[in-house]
Amino acid sequence: MSKLTDKISYLQGLADGMKLNPEKESHRLIQGILEVLGEVGDSFEALAESHEELSEYVESIDEDLADLEANLYDDEDEDYAGDEEEDTEGEDEAMGGSLTYTCPHCQAEIELDPEDLDLEEDHPCPHCGKELFPELPDED
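Quick look at the structure:
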(Lines of atoms letter the chains of each structure in order from A; the text may use other names.)
(Lines give C-alpha, C1' and ligand atoms only; values in the text may rest on other atoms or scores of the structure.)
Protein backbone atom coordinates (compact mmCIF):
# COMPACT_ATOMS: atom_id res chain seq x y z
CA MET A 0 0.00 0.00 0.00
CA SER A 1 1.02 3.57 -0.54
CA LYS A 2 1.32 6.20 2.14
CA LEU A 3 -1.93 7.77 0.95
CA THR A 4 -3.98 4.59 1.33
CA ASP A 5 -2.32 3.92 4.70
CA LYS A 6 -3.39 7.36 5.96
CA ILE A 7 -6.93 6.89 4.63
CA SER A 8 -7.17 3.51 6.35
CA TYR A 9 -5.90 5.08 9.59
CA LEU A 10 -8.57 7.80 9.42
CA GLN A 11 -11.28 5.24 8.72
CA GLY A 12 -10.08 3.21 11.71
CA LEU A 13 -10.21 6.32 13.91
CA ALA A 14 -13.77 7.01 12.77
CA ASP A 15 -14.80 3.42 13.54
CA GLY A 16 -13.18 3.71 16.99
CA MET A 17 -15.07 6.93 17.71
CA LYS A 18 -18.36 5.10 17.18
CA LEU A 19 -19.83 7.91 15.12
CA ASN A 20 -23.61 8.11 15.31
CA PRO A 21 -25.11 7.96 11.80
CA GLU A 22 -28.12 9.90 13.08
CA LYS A 23 -26.08 13.07 13.57
CA GLU A 24 -25.53 15.17 10.45
CA SER A 25 -21.92 16.02 11.31
CA HIS A 26 -21.11 12.35 11.82
CA ARG A 27 -22.76 11.40 8.50
CA LEU A 28 -20.66 14.07 6.82
CA ILE A 29 -17.43 12.67 8.29
CA GLN A 30 -18.40 9.11 7.25
CA GLY A 31 -19.23 10.32 3.72
CA ILE A 32 -15.91 12.13 3.44
CA LEU A 33 -14.04 9.03 4.60
CA GLU A 34 -15.89 6.84 2.05
CA VAL A 35 -14.98 9.25 -0.75
CA LEU A 36 -11.36 9.33 0.48
CA GLY A 37 -11.31 5.52 0.38
CA GLU A 38 -12.53 5.49 -3.22
CA VAL A 39 -9.99 8.18 -4.17
CA GLY A 40 -7.22 6.11 -2.58
CA ASP A 41 -8.31 2.98 -4.48
CA SER A 42 -8.46 4.91 -7.75
CA PHE A 43 -5.06 6.41 -7.05
CA GLU A 44 -3.56 2.94 -6.47
CA ALA A 45 -5.11 1.59 -9.69
CA LEU A 46 -3.77 4.59 -11.58
CA ALA A 47 -0.30 4.13 -10.11
CA GLU A 48 -0.29 0.44 -11.14
CA SER A 49 -1.41 1.31 -14.68
CA HIS A 50 1.27 3.98 -14.87
CA GLU A 51 3.95 1.51 -13.78
CA GLU A 52 2.81 -1.05 -16.38
CA LEU A 53 2.77 1.61 -19.08
CA SER A 54 6.24 2.83 -18.09
CA GLU A 55 7.63 -0.70 -18.33
CA TYR A 56 5.98 -1.17 -21.73
CA VAL A 57 7.38 2.12 -23.06
CA GLU A 58 10.84 1.19 -21.77
CA SER A 59 10.59 -2.15 -23.57
CA ILE A 60 9.58 -0.41 -26.80
CA ASP A 61 12.44 2.06 -26.39
CA GLU A 62 14.95 -0.77 -26.00
CA ASP A 63 13.55 -2.57 -29.05
CA LEU A 64 13.72 0.65 -31.06
CA ALA A 65 17.31 1.24 -29.99
CA ASP A 66 18.23 -2.28 -31.13
CA LEU A 67 16.43 -1.76 -34.43
CA GLU A 68 18.16 1.58 -35.02
CA ALA A 69 21.54 0.06 -34.22
CA ASN A 70 20.96 -2.76 -36.72
CA LEU A 71 19.56 -0.43 -39.35
CA TYR A 72 22.27 2.20 -39.11
CA ASP A 73 25.04 -0.39 -38.95
CA ASP A 74 23.73 -1.89 -42.19
CA GLU A 75 23.51 1.55 -43.83
CA ASP A 76 27.06 2.39 -42.76
CA GLU A 77 28.28 -0.80 -44.40
CA ASP A 78 26.26 -0.02 -47.55
CA TYR A 79 27.62 3.52 -47.73
CA ALA A 80 31.20 2.36 -47.22
CA GLY A 81 30.90 0.14 -50.30
CA ASP A 82 28.96 2.70 -52.33
CA GLU A 83 31.52 5.46 -51.85
CA GLU A 84 34.12 3.60 -53.85
CA GLU A 85 31.63 2.67 -56.58
CA ASP A 86 30.18 6.19 -56.81
CA THR A 87 33.55 7.87 -57.25
CA GLU A 88 34.45 5.43 -60.01
CA GLY A 89 31.13 6.11 -61.75
CA GLU A 90 31.64 9.86 -61.46
CA ASP A 91 35.11 9.61 -63.00
CA GLU A 92 33.71 7.64 -65.92
CA ALA A 93 30.80 10.04 -66.44
CA MET A 94 33.04 13.09 -66.34
CA GLY A 95 35.73 11.62 -68.62
CA GLY A 96 33.43 9.92 -71.12
CA SER A 97 31.44 11.27 -74.01
CA LEU A 98 27.73 11.74 -74.36
CA THR A 99 25.45 10.93 -77.23
CA TYR A 100 23.24 13.72 -78.56
CA THR A 101 20.59 13.50 -81.28
CA CYS A 102 20.49 16.36 -83.76
CA PRO A 103 17.06 18.02 -83.60
CA HIS A 104 17.08 18.53 -87.41
CA CYS A 105 18.41 15.36 -89.06
CA GLN A 106 18.10 12.97 -86.06
CA ALA A 107 21.72 11.87 -86.43
CA GLU A 108 23.41 10.68 -83.26
CA ILE A 109 26.55 12.62 -82.45
CA GLU A 110 29.19 11.84 -79.82
CA LEU A 111 30.13 14.95 -77.83
CA ASP A 112 32.85 15.50 -75.24
CA PRO A 113 31.30 17.34 -72.24
CA GLU A 114 34.60 19.10 -71.51
CA ASP A 115 34.65 20.70 -74.97
CA LEU A 116 30.97 21.60 -74.92
CA ASP A 117 30.13 25.29 -74.40
CA LEU A 118 26.47 26.11 -74.94
CA GLU A 119 27.28 29.79 -75.52
CA GLU A 120 29.13 28.90 -78.76
CA ASP A 121 27.65 27.64 -82.03
CA HIS A 122 27.85 23.90 -82.64
CA PRO A 123 26.89 22.86 -86.17
CA CYS A 124 25.80 19.27 -86.85
CA PRO A 125 28.53 17.42 -88.81
CA HIS A 126 25.84 15.71 -90.91
CA CYS A 127 23.40 18.48 -91.85
CA GLY A 128 25.35 21.61 -90.82
CA LYS A 129 22.46 23.09 -88.85
CA GLU A 130 22.84 24.32 -85.26
CA LEU A 131 22.73 21.46 -82.72
CA PHE A 132 21.48 23.71 -79.90
CA PRO A 133 19.13 26.25 -81.49
CA GLU A 134 17.95 29.13 -79.34
CA LEU A 135 14.39 28.79 -78.20
CA PRO A 136 12.06 31.77 -78.70
CA ASP A 137 11.33 33.81 -75.55
CA GLU A 138 7.88 33.19 -74.18
CA ASP A 139 5.90 36.07 -72.71
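Throughout the sequence shown, residue numbering follows numbering that gives the first Met the number 0, covering 0 to 139 in sequence.
Built from N, CA and C at the ideal position, the CB exists for glycine as well.
Being a predicted model, the structure only gives us computed values, none of them experimental.
(request) Locate the alpha helix (DSSP H) running through residue 10, then write down its first and last residues. (result) 2-16
(request) Between the Cα of residue 135 and those of 103, 116, 18 and 114, spot the shortest distance and give me the residue it belongs to. (result) 103
(request) Would you mind giving the Cβ-Cβ distance between residue 44 and residue 8, rounded to the nearest angstrom? I have them listed as a contact below 8 Å. (result) Their Cβ separation, rounded to whole angstroms, is 12 Å, which puts residue 44 and residue 8 out of contact at 8 Å.
(request) Would you mind working out which of 118, 57, 120 and 124 sits nearest residue 110, comparing C-alpha positions? (result) 124
(message) Rounded to whole angstroms, what is the Cα-Cα separation between residue 105 and residue 129?
(response) 9 Å
(message) By the DSSP assignment, the beta strand (DSSP E) with residue 108 in it spans what residues?
(response) 108-111
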